[in-house]
Amino acid sequence: MNARMDGLRRRLGGFAFGGDYNPEQWDRPVWKEDVELMRRAGVNLVTVGVFAWASLEPEPGRYTFGWLDEVMDLLHGGGISVDLATPTMAPPVWLSHGHPEVLPVMADGETFGFGNRLHYDPTSPRYREHAVGIAGKLAERYSHHPALAMWHISNEYGPTAYGPCAAEAFRTWLRRRYGDLEALNEAWYTRFWGQRYTDWAQVAPPEVPRTWSNPARRLDFKRFTSDALLECFVAERDAVRRYRDDLPILTNFMRFYRHADYWRWAREEDAAALDIYPDPGRADAHVAAALNFDLMRSLRGEPWLLMEQAASGVSQWRVNNVKRPGRMRLGSYQAIAHGADSVLYFQWRASRGGHERFHSAMLPHSGTGARSWQEVEALGNELPRIAAAAGAPSTAEVALLFDWDAWWGLEDTYGLPRNDFDYARIATDHYRPLLEAHYAVDLVSFAGDLSRYRVLVIPNAYLVHDGFATAVEAFAAAGGTVVISLFSGVVDRDNQVRQPAYPGAFRRLIGAYIDEYWPAREEETFEVEFADGTTATADWWQESLHPETARVLGEYTGGDLAGRPALIRNDFGSGCVVYIGTRLSPEALRDTVLSAVRAAGVAPVVEGAPPYVEATRRDRYLFLLNHSDTRTASVAVPGPGVELLGGSTVDGTVTLAPLAVAVVELS
Ligand code: GLA
11 MNARMDGLRR
21 RLGGFAFGGD
31 YNPEQWDRPV
41 WKEDVELMRR
51 AGVNLVTVGV
61 FAWASLEPEP
71 GRYTFGWLDE
81 VMDLLHGGGI
91 SVDLATPTMA
101 PPVWLSHGHP
111 EVLPVMADGE
121 TFGFGNRLHY
131 DPTSPRYREH
141 AVGIAGKLAE
151 RYSHHPALAM
161 WHISNEYGPT
171 AYGPCAAEAF
181 RTWLRRRYGD
191 LEALNEAWYT
201 RFWGQRYTDW
211 AQVAPPEVPR
221 TWSNPARRLD
231 FKRFTSDALL
241 ECFVAERDAV
251 RRYRDDLPIL
261 TNFMRFYRHA
271 DYWRWAREED
281 AAALDIYPDP
291 GRADAHVAAA
301 LNFDLMRSLR
311 GEPWLLMEQA
321 ASGVSQWRVN
331 NVKRPGRMRL
341 GSYQAIAHGA
351 DSVLYFQWRA
361 SRGGHERFHS
371 AMLPHSGTGA
381 RSWQEVEALG
391 NELPRIAAAA
401 GAPSTAEVAL
411 LFDWDAWWGL
421 EDTYGLPRND
431 FDYARIATDH
441 YRPLLEAHYA
451 VDLVSFAGDL
461 SRYRVLVIPN
471 AYLVHDGFAT
481 AVEAFAAAGG
491 TVVISLFSGV
501 VDRDNQVRQP
511 AYPGAFRRLI
521 GAYIDEYWPA
531 REEETFEVEF
541 ADGTTATADW
551 WQESLHPETA
561 RVLGEYTGGD
571 LAGRPALIRN
581 DFGSGCVVYI
591 GTRLSPEALR
601 DTVLSAVRAA
611 GVAPVVEGAP
621 PYVEATRRDR
631 YLFLLNHSDT
641 RTASVAVPGP
651 GVELLGGSTV
661 DGTVTLAPLA
671 VAVVELS
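Here the numbering used here is used: the first residue of the sequence shown is 11, the next is one more, and so on.
Have a look at this one:
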């Protein structure tokens, strides 16, 4: 039950459609035209004021709310609801000029100055005081405005600070975590290189850019930074909530964002919300997008909000390709298919100047004659056809581990057998076969409830918590299927190697120990032969695996580890565990993952559809998306129903033209 989000859905009567609206960039006469065109495009929600701090508080304590009053009234008059933002991602110049200590000192010791955005130190008491101040003023004034539908706190929380405020806050965080200094010395293993601390005052953020600082200290600094940013969110949220309790309050997350543990964050919000900018220049960008969408849904186990996307191209990369005709619509439905209850964009009207003047917008520079406008307008007017699906839940029987501590351990602490792990990519590699074979997937953290799944995939979880290892054992013992891949279970929460043998946390589970990790040499590949005589290639990584209770599924045919296992399988209680000790080719990884899922008896959403078609379910709504630019696909549908976008009756199969979408309400 999420009463605040239910209230939003009721108010909007279905999916939210709209985007960031920055009227302070335009003169008054434009505003009226904006509202007229918004109505034409089916816009029902806009996010106002994200970067408007300087226009709302031009001098400390002097507020100029008049223009925002007008905008709120105008939008309300047009029947458009407002997601009101607190503008604290971009503090006005008077704040940083008058109080330079609010600027973040970065890892290299340089100060991040005014002229961009994110120029705030999240640990600065002065920054927090002003941020909470403007948030409270906005809430005081607009909490009961009839246009107000929800709150958008700040924007894409992000900066990491290393200055004096951060050092002080880090020490406070560490004291809370460890209580006494001896516990910190133990956790950080300061006996190495004689780093023992004797006074709290000696403890500081990890020195950078040297990558060689204490790995447990680096890990704690990641945790601390995520928490420090979250404190900023919570402080503003509470300042706003004081005035009204029934509206959703949230902030917007980013794709594969490493510096904030979104599992912890999502608990503090009324919904998860994501900004996504898949690169239109990459044919498979939808795969990582799907993973991020599933992550958003999983964070709270609920529908989430697509808070920003581009109507066409972005402007921050070297080459910014457009979204070809049909791609924006497809990507929008893809988010909905994975649980989004909105299609929102950055931004409504393309800016004339400023950093992102070439970032596409719902209303582009060339106005309503533009191809991309027409696609936006068409989508906005089409979405009401599936309004009944808003709020519909999804279920999955396959879970994939995606945990920030695992990520930080692997990528942020250096000193590993190889130091080029890419956790998000490895997770995506394991996710892709499931997506392409039409299995529903939830993401889980170390604290996740595993009991509702039949299969758990653990990609490359170098650092795992004890509680998770115990939970995975219980899951397997009770009949679950577990697939674990390379270099997992190696260290504990403090980044200390589990003794007496690798892979410490999972040794019993996989029924084998590893005596040495063997990162591959440049260009080195390996052949793996399976029991049935088939072979696969692998590269990048090997492990010298010694089965104890496991049996061998595939072994190396050559090289130093010839005859040694690359893949093993261990029966564990009523379940089983497959362990992959190398980086398999995409095809072999696909076959390994899918055979485990099939053997576990999990059914795909649809049978026999091609891999470029995506299929998901939200309750009785079946979403089919054809990602191919050229191929038509026929998909067998599990039961009769009605295709809601075209209005046709479905019985048997649905035919999807290239880039087509079908939303079938199954009877
Ligand atoms: C992010 C930000 C927006 C805008 C877009 C497009 O998601 O939140 O303000 O900058 O990227 O680049």
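Virtual Cβ for every residue (Gly too), placed ideally from N, Cα, C.
Would DSSP call ASP542 helix, strand or coil? Within the sequence shown, the letter at position 532 stands for residue 542. Looking at ASP542 - three-state DSSP - the assignment turns out to be coil, as it is neither helix nor strand.
What do you reckon, is the C-beta of ASP285 under 8 angstroms from a heavy atom of the ligand GLA? Here residue 285 corresponds to residue number 275 of the sequence shown, with the count starting at 1. Checking every heavy atom of the ligand GLA against the Cβ of ASP285, one is found closer than 8 angstroms.
Given a threshold of 16 other Cβ atoms within 10 Å of its Cβ, counted over all protein chains shown, does ASN262 qualify as buried or as exposed? Here residue 262 is taken as the residue at index 252 of the sequence shown, counted from 1. Buried.
Contact test: PHE356 Cβ vs the ligand GLA heavy atom, cutoff 8 angstroms: The count along the sequence shown starts at 1 and reaches residue 356 at position 346. For PHE356, the Cβ falls inside the 8 angstroms cut-off from some heavy atom of the ligand GLA.
Quick one: Cα of ARG518 to Cα of VAL588, how far? Working through the sequence shown from its first residue, we reach residue 518 at position 508. Working through the sequence shown from its first residue, we reach residue 588 at position 578. Near 12 angstroms, if we compare the C-alpha coordinates of VAL588 and ARG518.
Does at least one heavy atom of the ligand GLA sit under 8 angstroms from the Cβ of GLU34? Counted from its first residue, the sequence shown places residue 34 at position 24. No, Cβ of GLU34 sits at least 8 angstroms from all heavy atoms of the ligand GLA.
Can you tell me whether DSSP reads GLU392 as helix, strand or coil? Walking along the sequence shown from the start, residue 392 turns up at place 382. Helix.
Where the beta strand (DSSP E) through PHE27 begins and ends: The count along the sequence shown starts at 1 and reaches residue 27 at position 17. Note, PHE27: beta strand (DSSP E), 26-31.
With a 10 Å radius around its C-beta and 16 neighbouring C-beta atoms as the bar for buried, classify PRO215 as buried or exposed. Numbered from its first residue, the sequence shown carries residue 215 at position 205. PRO215 should be labelled buried.
Extent of the continuous beta strand (DSSP E) to which GLN552 belongs: By one-based count along the sequence shown, residue 552 stands at place 542. Looking at the DSSP string, the run of the beta strand (DSSP E) that includes GLN552 is 551-557.
Is GLU46 near the ligand GLA - that is, is its Cβ less than 8 angstroms away from at least one heavy atom of it? Taking the sequence shown and counting its residues from 1, the one referred to as residue 46 is at position 36. Result no, Cβ not under 8 angstroms from the ligand GLA.
Tell me which residues share the same chain as LEU184 and place their Cβ nearer than 7 angstroms to its Cβ, disregarding the 5 neighbours each side in the sequence. Position 174 of the sequence shown holds residue 184. If we look at LEU184 and ignore the five residues flanking it on each side, its Cβ neighbours are LEU194, VAL213 and ASP230.
How many whole angstroms separate the CB atoms of HIS348 and ASP413, which I take to be in contact at a CB cut-off of 8 angstroms? Position 338 of the sequence shown, counting from 1, holds the residue named residue 348. Position 403 of the sequence shown, counting from 1, holds the residue named residue 413. Contact flag wrong, Cβ pair sits at about 20 angstroms.
Around the C-beta of PHE485, are 16 or more other C-beta atoms found within 10 angstroms, so that it is buried, or is it exposed? One-based indexing of the sequence shown puts residue 485 at position 475. With 16 or more Cβ atoms within 10 Å of its Cβ, PHE485 is classed as buried.
Check for me: the alpha helix (DSSP H) holding SER65 runs from which residue to which? Start at 1 with the first residue of the sequence shown, and residue 65 comes out as number 55. First-last of the alpha helix (DSSP H) with SER65: 63-66.
Where does the unbroken beta strand (DSSP E) through PRO427 begin, and where does it stop? Numbered from 1 along the sequence shown, position 417 holds the residue referred to as residue 427. No beta strand (DSSP E) contains PRO427, which DSSP labels as neither H nor E.
Consider the C-beta atom of PHE61 and the heavy atoms of the ligand ADP; say whether any pair is separated by less than 8 angstroms. Ligands present in the displayed structure are limited to the ligand GLA, and the ligand ADP is not among them.
If contact is defined by three or more beta carbon pairs under 8 angstroms, each pair taking one atom from either stretch, is the region 314-332 in contact with the region 341-356? The region 341-356 makes contact with the region 314-332; the number of CB pairs closer than 8 angstroms reaches 3 or more.
Please name the residue or residues paired with HIS162 in a DSSP beta bridge. Residue 162 sits at position 152 when you count from the first residue of the sequence shown. Paired residues: ALA95 and LEU260.
For ALA481, I'd like the list of residues in its chain whose CB is within less than 7 angstroms of its CB, leaving aside the five on either flank, ordered along the chain. By 1-based counting over the sequence shown, the position of residue 481 is 471. Excluding sequence neighbours, ALA481 sits near LEU460.
CB contact flag (ALA522, TRP551, <9 angstroms): The residue you call residue 522 lines up with position 512 of the sequence shown. The residue you call residue 551 lines up with position 541 of the sequence shown. No, Cβ-Cβ distance for ALA522 and TRP551 is not below 9 angstroms.
Can you tell me whether DSSP reads ILE494 as helix, strand or coil? Residue mapping note: residue 494 aligns to position 484 of the sequence shown, counting from 1. ILE494 falls in the strand class under three-state DSSP.
Any heavy atom of the ligand GLA closer than 8 angstroms to the Cβ of VAL324? Here residue 324 refers to the residue found at position 314 of the sequence shown. Yes, the ligand GLA has a heavy atom inside 8 angstroms of this Cβ.
Hey, could you find the ends of the alpha helix (DSSP H) LEU18 is sitting in? Residue mapping note: residue 18 aligns to position 8 of the sequence shown, counting from 1. Its alpha helix (DSSP H) spans residues 13-22.
May I ask you to report which of helix, strand or coil DSSP gives SER658? For this step, residue 658 is matched to residue 648 along the sequence shown. Reduced to three states, the DSSP call for SER658 is strand.
If we call anything under 9 angstroms between Cβ atoms a contact, is PRO596 one with THR423? Against the sequence shown, residue 596 aligns to sequence position 586. Against the sequence shown, residue 423 aligns to sequence position 413. Their beta carbons are not under 9 angstroms apart, which means PRO596 does not touch THR423 by this criterion.
Going straight from the alpha carbon of TRP314 to that of SER404, what length do you get? Working through the sequence shown from its first residue, we reach residue 314 at position 304. Working through the sequence shown from its first residue, we reach residue 404 at position 394. Taking the straight line joining both Cα atoms gives about 11 angstroms.
Is it the case that the CB of HIS369 approaches a heavy atom of the ligand GLA more closely than 8 angstroms? Counted from its first residue, the sequence shown places residue 369 at position 359. Yes - the ligand GLA has a heavy atom lying nearer than 8 angstroms to the Cβ of HIS369.
Does at least one heavy atom of the ligand GLA sit under 8 angstroms from the Cβ of ASN262? Position 252 of the sequence shown, counted from the first residue, corresponds to residue 262. True, at least one ligand heavy atom lies under 8 angstroms from that Cβ.
CA-to-CA distance, LEU654 to ARG630, given in whole angstroms: Within the sequence shown, numbered from 1, the residue matching residue 630 stands at position 620. Within the sequence shown, numbered from 1, the residue matching residue 654 stands at position 644. C-alpha separation (whole angstroms): 12 angstroms.
Give the DSSP-derived three-state secondary structure of PHE303 in the structure shown. By 1-based counting over the sequence shown, the position of residue 303 is 293. In this structure, PHE303 counts as helix in the three-state DSSP scheme.
What span of residues does the alpha helix (DSSP H) with ASN636 cover, start to end? Along the sequence shown, read from residue 1 onward, the residue named residue 636 stands at position 626. No alpha helix (DSSP H) contains ASN636, which is instead part of the beta strand (DSSP E) from 631-636.
Beta-carbon contacts of ALA619 that lie in its chain and below 8 angstroms, excluding the five residues immediately before and after: As a first step, residue 619 is located in the sequence shown; it is residue number 609 there, counting from the start. So the list reads HIS448, ALA625, LEU634, ALA643, VAL645 and ALA646, once near-sequence residues are dropped.
Return the chain-ordered list of same chain residues with a C-beta closer than 7 angstroms to the C-beta of ARG628, the five sequence neighbours on each side being excluded. One-based indexing of the sequence shown puts residue 628 at position 618. Excluding residues within five positions, the ones whose Cβ falls inside 7 angstroms are GLY349, ALA399, ALA402, PRO403 and SER404.
Per-residue DSSP class, three states only, for ALA214: By 1-based counting over the sequence shown, the position of residue 214 is 204. Three-state DSSP puts ALA214 in coil, outside helix and strand.
So the beta strand (DSSP E) HIS455 belongs to, where does it begin and stop? One-based indexing of the sequence shown puts residue 455 at position 445. Residue 455 is actually Ser in this sequence, not His. Where SER455 is concerned, there is no enclosing beta strand (DSSP E), given that its DSSP letter is neither H nor E.
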